[in-house]
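Chains as they are written, first to last, in the UniProt record's numbering: chain A, 1 to 271; chain B, 1 to 271; chain C, 1 to 271; chain D, 1 to 271. Glycine residues also receive a C-beta, built at the ideal position from the N, C-alpha and C atoms. Fair warning: this is a prediction, and the values are worked out from it, not measured in the lab.
4 protein chains.
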Amino acid sequence: MTSRRTKRRVHVLLTVGKGGRLARAIDWLIVGLIVLNVVAVVLATVDSVFERYRSVFYAFEIVSIGVFTLEYGLRIWSATAVPEYSSPITGRLRFGTRPHLLIDLFAIVPFYVGTVVFAFDLRVLRALRLFRFLRLLKLVRYSEAMQRFGRVAHRKRDDLLLAITGSSVLLVVASSLMYFVERDAQPETFSSIPATLWWGVVTLTTVAYGNTYPVTPAGKVLGGLVAVLGVGLFALPASILASGFIEDDADPRRCPHCGESLGTDLPGHER
Amino acid sequence: MTSRRTKRRVHVLLTVGKGGRLARAIDWLIVGLIVLNVVAVVLATVDSVFERYRSVFYAFEIVSIGVFTLEYGLRIWSATAVPEYSSPITGRLRFGTRPHLLIDLFAIVPFYVGTVVFAFDLRVLRALRLFRFLRLLKLVRYSEAMQRFGRVAHRKRDDLLLAITGSSVLLVVASSLMYFVERDAQPETFSSIPATLWWGVVTLTTVAYGNTYPVTPAGKVLGGLVAVLGVGLFALPASILASGFIEDDADPRRCPHCGESLGTDLPGHER
Amino acid sequence: MTSRRTKRRVHVLLTVGKGGRLARAIDWLIVGLIVLNVVAVVLATVDSVFERYRSVFYAFEIVSIGVFTLEYGLRIWSATAVPEYSSPITGRLRFGTRPHLLIDLFAIVPFYVGTVVFAFDLRVLRALRLFRFLRLLKLVRYSEAMQRFGRVAHRKRDDLLLAITGSSVLLVVASSLMYFVERDAQPETFSSIPATLWWGVVTLTTVAYGNTYPVTPAGKVLGGLVAVLGVGLFALPASILASGFIEDDADPRRCPHCGESLGTDLPGHER
Amino acid sequence: MTSRRTKRRVHVLLTVGKGGRLARAIDWLIVGLIVLNVVAVVLATVDSVFERYRSVFYAFEIVSIGVFTLEYGLRIWSATAVPEYSSPITGRLRFGTRPHLLIDLFAIVPFYVGTVVFAFDLRVLRALRLFRFLRLLKLVRYSEAMQRFGRVAHRKRDDLLLAITGSSVLLVVASSLMYFVERDAQPETFSSIPATLWWGVVTLTTVAYGNTYPVTPAGKVLGGLVAVLGVGLFALPASILASGFIEDDADPRRCPHCGESLGTDLPGHER
């Protein structure tokens with residue numbers, strides 16, 4: 001009976017937005033630990049820093065994995081406190097395959113795989129460091145902002161898809177034409193259409209590092225036309241997302257459960 | 001009689017958005033073949049890939065042309081199933097001059113011209129590869145998104161025209177001034193106004209590869225002013241298109257047939 | 001009496017948007033001549049073209065000046081046909097100081113000044129070619145689009161002024177900080193704050209030719225912060241202008257005479 | 001008694017937006033002096049100018065400090081004219097800790113600290129020149145535009161925070177991936193993740209000076225994806241701010257005191 005109450009209390013403490021002061025403290029602790037994990041991965045690539053604080057980095061990794069493993073274990077263990085997942089095995093399995101729980105699992109599994117399977121093989125461990133960024137995904141649970149971003153992207157998916165399709169077609173066609181125009185003058189840089197795609201991407205996004213550009217008059221005319229016409233097309237997704245956020249602010253008639261718009265055809269509504 | 005029913009069935013199968021599961025499968029087959037054609041043109045320019053899979057590329061081109069020719073032939077043949085085009089010759093001629101059918105024709109004609117007229121002249125065939133991108137236009141029939149893009153551009157044509165005219169005037173005036181300012185310091189790069197237009201385009205689109213830029217103090221002041229004032233003007237078309245999409249989403253009062261707006265002056269309508 | 005009717009007819013013919021088919025032909029003739037004048041200035045800077053068609057360029061300039069002078073003379077002469085300007089001298093003076101007529105005057109005066117005063121001094125004539133771009137201003141009379149652009153800019157002048165002030169302050173402060181950070185590492189490029197303004201402008205407009213950039217760690221951190229914060233600020237004017245065009249489309253309550261908005265506080269108006 | 005009226009009059013004269021013609025003249029004098037101070041700091045870094053007008057720069061600095069000190073002193077002295085701050089000591093203390101007054105203090109303190117404490121140590125004085133930019137903050141009192149900018153940023157703080165968080169996460173993840181992909185090919189440029197952040201910032205803001213870019217095929221694919229996906233995200237804050245200004249224009253129902261929106265749910269209001 002006491003165990004049951006403990007389990008329920010643990011479950012509530014780990015559920016975002018529920019519980020009292022302690023629950024919020026736990027939330028902030030985990031969010032802080034995730035951010036520190038990213039900072040550690042970033043700093044550990046600076047050789048001088050890593051050499052000096054090597055043991056600190058290792059210790060911090062062990063502690064992080066410990067906390068995340070404990071958190072994951074407690075979540076799975078306390079899942080049966082919810083009537084929906086009350087069955088000890090199948091209930092926990094269904095609970096453990098929910099997106100948030102899978103993210104929690106992916107955040108710790110690479111460490112155990114790397115340590116157990118490859119027995120501290122340094123090169124493998126180095127590559128596995130990349131997987132620590134998966135821990136960032138744990139933030140989704142705590143961030144209403146990220147959920148909102150996903151909602152806006154979902155809402156504008158048709159427009160975004162259209163802009164992305166149009167951009168892709170323009171990118172391939174522009175790069176192909178540029179390849180046929182410039183390949184004789186610069187056979188090294190414009191050696192094939194896939195190689196010319198690099199020119200296309202850096203030009204259409206206006207990044208343009210300045211290492212690939214047309215030199216023939218025909219190539220310059222084509223490049224100029226592509227820049228003038230294409231830059232606008234590549235800027236469309238940002239404008240579309242922005243308008244999505246604005247509508248998201250303006251429109252109070254959204255389903256309180258899923259965040260989807262309830263439509264604009266309600267009687268007595270003008271927009 | 002049976003022939004007539006076959007013809008009608010073929011016509012329905014080839015009409016986008018009609019017919020059952022088989023018709024949709026045919027649609028997807030042709031869309032897939034178009035995309036693969038573009039991928040083939042792109043990959044064939046990588047020498048190592050082309051050398052290795054030369055025969056695959058040739059075989060794929062033959063198959064594609066076969067399918068597109070069959071598709072075109074069946075469309076023309078079955079056109080008489082529609083009362084509007086029932087006359088065997090003049091009806092088919094009128095059907096064959098519709099934009100979609102002309103695109104279908106342009107997608108296959110270059111191959112036959114190249115093979116028959118130039119009898120496998122390799123250099124001509126190489127240049128003809130560019131025309132394979134015309135096959136992308138066939139996608140317009142299947143893509144509601146592309147039609148929508150055209151509709152939005154049509155709707156905002158006045159604003160777009162204004163932005164493009166303003167940009168062009170700014171481009172010519174800015175490049176001319178820069179030519180007069182920089183020609184003495186950099187006679188090679190800024191050799192004439194047309195040559196300076198290249199500077200103007202890459203600066204105003206903010207692409208700026210970094211191979212042409214002013215070096216004199218006067219040129220830098222002019223270049224700075226042009227950048228500050230002009231970049232906004234060149235970004236206008238994207239903003240205008242984006243607003244067109246947003247209005248397109250927001251406004252449900254469009255003719256269901258042509259997609260044109262039904263106007264904003266309906267009684268009882270506030271906007 | 002006949003002279004009076006001729007005068008009135010000439011005045012109507014030269015007034016944009018009035019008169020019949022002949023009046024529109026005259027409009028198009030002058031617009032075409034203006035565009036050709038700009039094309040001529042641009043092409044004349046290509047040495048090989050200018051050498052070959054030298055006499056054509058001179059003849060075209062004489063013809064253009066003749067037509068523009070005739071047009072200007074007829075406008076001034078026929079001004080008295082309007083009751084408002086009926087006085088032969090003071091009326092014509094008042095008519096001649098209207099903006100459009102001053103533009104017409106500026107389009108021809110440099111030629112006469114150059115020829116008469118400097119007696120075909122080649123270097124002066126060359127510099128005077130720049131003034132031919134003033135003829136572009138004559139287009140304003142014919143272009144409703146340019147008038148609309150001015151109207152939108154006027155309407156959004158507060159926002160634009162704010163964005164421009166903010167951008168200027170950011171530009172000066174960012175460049176000053178960068179000067180103090182980088183001057184020791186790159187004394188040539190970052191020799192003074194005015195010299196560093198060039199870095200500021202090309203960075204904040206994202207033009208970034210790649211010839212001036214920070215190299216010290218502190219300079220890179222500062223440059224990164226400036227880029228992230230500042231690029232958005234410099235993009236504001238474009239967004240503001242775009243929104244001005246959208247409102248200009250959406251809002252039918254404008255004064256039919258001057259195009260100014262009639263305000264948004266009319267009773268019974270929702271927006 | 002007369003002193004009291006003088007004090008009240010001084011207080012009114014120094015309060016922006018109050019007083020008659022003289023008060024406005026004082027406002028413009030101080031605004032002009034602030035702008036000239038910034039111009040002086042900028043020009044003084046040009047060696048040739050500074051050498052020639054050394055004494056003018058010093059004199060101008062002394063005069064500026066004198067005026068700003070007098071202004072500050074008069075403000076503090078006359079504060080007791082307001083009933084709220086009528087207590088000679090505690091009232092003036094409370095008045096002196098208001099943001100505007102603290103800014104006034106920061107504008108003059110560095111000069112006195114530098115002169116008194118460091119006794120004309122030239123290197124310290126040089127570094128202190130930077131603090132003169134703090135005088136720009138005095139403009140906030142006079143600029144309704146800057147207050148409006150702050151209001152819009154405050155209103156859109158949630159959206160801005162979301163865009164900035166998203167951008168930061170993307171920046172760190174993209175730079176980390178690029179580091180792992182490119183470090184072997186370019187160990188100098190991509191020496192650590194912090195060093196690679198410079199690549200991330202200049203690419204995602206599309207500044208791209210052209211001194212750091214990926215060279216391996218994998219790096220180019222990654223860089224292309226980051227550019228296409230990320231540029232839009234980094235452009236979001238500008239779009240959000242712009243929409244904030246537009247709403248700020250459109251919405252007349254704001255509290256006249258604080259500028260905050262009064263909400264959009266008033267009866268009889270359509271939006």
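| message | Let me make sure I understand the geometry here. Which of F180(C), T196(C), Y58(C) and R141(C) has the alpha-carbon closest to that of F131(D)? | response | F180(C)
| CA nearest to the CA of A59(A), picked from N37(A), R183(A), R92(A) and T165(A) | N37(A)
| said: Looking at chain B, is there any beta carbon in it that lies within less than 8 Å of the beta carbon of L236(A)? | reply: yes
| Beta-carbon contacts of G230(B) that lie in its chain and below 7 Å, excluding the five residues immediately before and after | L170, A174 and L204
| request: Specify the secondary structure class of A208(B) as computed by DSSP and reduced to three states. | output: coil
| query | Excluding sequence positions up to five away, which residues of its chain have a Cβ less than 6 Å from the Cβ of residue 274(A)? | reply | There is no way to answer for residue 274(A), as the model of chain A reaches only from 1 to 271.
| field | From G66(C), I62(C), V221(C) and G96(C), residue whose alpha carbon lies closest to that of W77(C) | value | Taking only the C-alpha atoms, the option nearest W77(C) is G96(C).
| query | Does any CB atom of chain C fall closer than 8 Å to the CB of R254(D)? | reply | Its pLDDT being 44, under 50, R254(D) is placed unreliably in this model, and the value from its coordinates should be taken loosely. Taking Cβ atoms only, chain C never reaches closer than 8 Å to R254(D), which makes this a no.
| task | Check the Cβ-Cβ distances between G224(D) and every residue of chain B, and say whether any is below 8 Å. | result | no
| Cβ-based neighbour list, K18(B), same chain, cut-off 8 Å, excluding 5 preceding and 5 following | V12
| Under 8 Å Cβ-Cβ, which residues of chain C neighbour G232(A)? | Residues of chain C passing the Cβ test: none, with the nearest at roughly 11 Å.
| query | Contact between the region 237–247 of chain C and the region 232–243 of chain B: three or more CB pairs below 8 Å? | reply | Three or more beta-carbon pairs drawn from the region 237–247 of chain C and the region 232–243 of chain B are found closer than 8 Å, and the two stretches are therefore classed as touching.
| task | Report back the beta-carbon spacing between T212(A) and T206(B) to the nearest angstrom; my notes put them in contact at under 8 Å. | result | Going by Cβ atoms, the distance from T212(A) to T206(B) rounds to 17 Å, so no, they are not a contact pair.
| Do the CB positions of residue 281(D) and K138(D) come within less than 8 Å of each other? | Only positions 1 to 271 of chain D appear in the structure, and residue 281(D) is not among them; the question remains open.
| message | Can you find the residues in the same chain that come closer than 7 Å, C-beta to C-beta, to T69(A), ignoring five residues on each side of it along the sequence? | response | I108
| task | Given a cut-off of 8 Å, decide if V201(B) and A227(A) are closer than it, judged by their beta-carbon atoms. | result | Closer than 8 Å, so yes.
| Is the shortest distance between the beta-carbon of V152(D) and the beta-carbons of chain A less than 8 Å? | no
| field | Per-residue DSSP class, three states only, for I89(D) | value | coil
| query | the region 155–182 of chain D: which residues have C-beta closer than 9 Å to a C-beta of chain A, in chain order? | reply | Residues of the region 155–182 of chain D that bring their beta carbon within less than 9 Å of a beta carbon in chain A comprise K156, D158, D159, L161, L162, A163, T165, G166, V169, V172, V173, S175, S176, L177, Y179 and F180, in sequence order.
| Excluding sequence positions up to five away, which residues of its chain have a Cβ less than 7 Å from the Cβ of L74(C)? | V10 and L14
| task | Drop a sphere of 10 angstroms on the beta-carbon of E84(D), count the other beta-carbons inside from all chains shown, and report buried for 16 or more, exposed for fewer. | result | Classified as exposed, E84(D) has fewer than 16 neighbouring CB atoms from the shown chains inside 10 Å of its CB.
| task | Measure the beta-carbon distance from G219(C) to E182(C) and round it to whole angstroms, keeping in mind my assumption that it falls under 8 Å. | result | 5 Å
| Coil, strand or helix - T97(A) by DSSP | coil
| Taking just the CA atoms, how far does F133(B) sit from I34(B)? | 9 Å
| query | Using the beta-carbon of each residue, which ones in chain B are nearer than 9 Å to L128(C)? | reply | Chain B residues near L128(C): none, gap ~11 Å exceeds 9 Å.
| request: Scan the region 20–45 of chain B and note each continuous beta strand (DSSP E) run of 3 residues or more that stays entirely inside, going in chain order. | output: none
| Taking Cβ-Cβ distances below 7 Å as the criterion, which residues of the region 193–207 of chain B are in contact with chain C? | Residues of the region 193–207 of chain B whose Cβ lies closer than 7 Å to any Cβ of chain C, in chain order: I193, P194, T203 and T206.
| field | Closer than 7 Å at the beta carbon, the chain B residues around G210(D) | value | G210
| query | Short check: CB of P110(C) to CB of L128(C), under 8 Å? | reply | yes
| query | Is D246(A) close to chain D, meaning its C-beta is less than 8 Å from at least one C-beta of that chain? | reply | Correcting the residue type first, residue 246(A) is Ile in the shown sequence and not Asp. Yes, I246(A) lies at the interface with chain D (some Cβ there is under 8 Å from its Cβ).
| request: Please decide whether A227(C) counts as near chain D, where near means a Cβ-Cβ distance under 8 Å. | output: yes
| query | Using the C-alpha atoms, what's the distance from G224(A) back to G210(A)? | reply | 15 Å
| said: Below 8 Å on the Cβ atoms is my contact criterion, and I expect A208(D) with A208(C) to pass it. Report the Cβ-Cβ distance as a whole number of Å. | reply: 6 Å
| task | For my contact list, A195(B) and T216(B) are in at a C-beta cut-off of 8 Å; report their separation, rounded to the angstrom. | result | Incorrect: roughly 17 Å between the Cβ atoms, too far for contact.
| field | DSSP state of P110(A) mapped onto helix, strand, coil | value | helix
| task | Tell me whether the beta-carbon of residue 272(B) lies closer than 8 Å to the beta-carbon of E71(B). | result | In the structure as shown, chain B begins at 1 and stops at 271. Residue 272(B) is therefore absent and cannot be evaluated.
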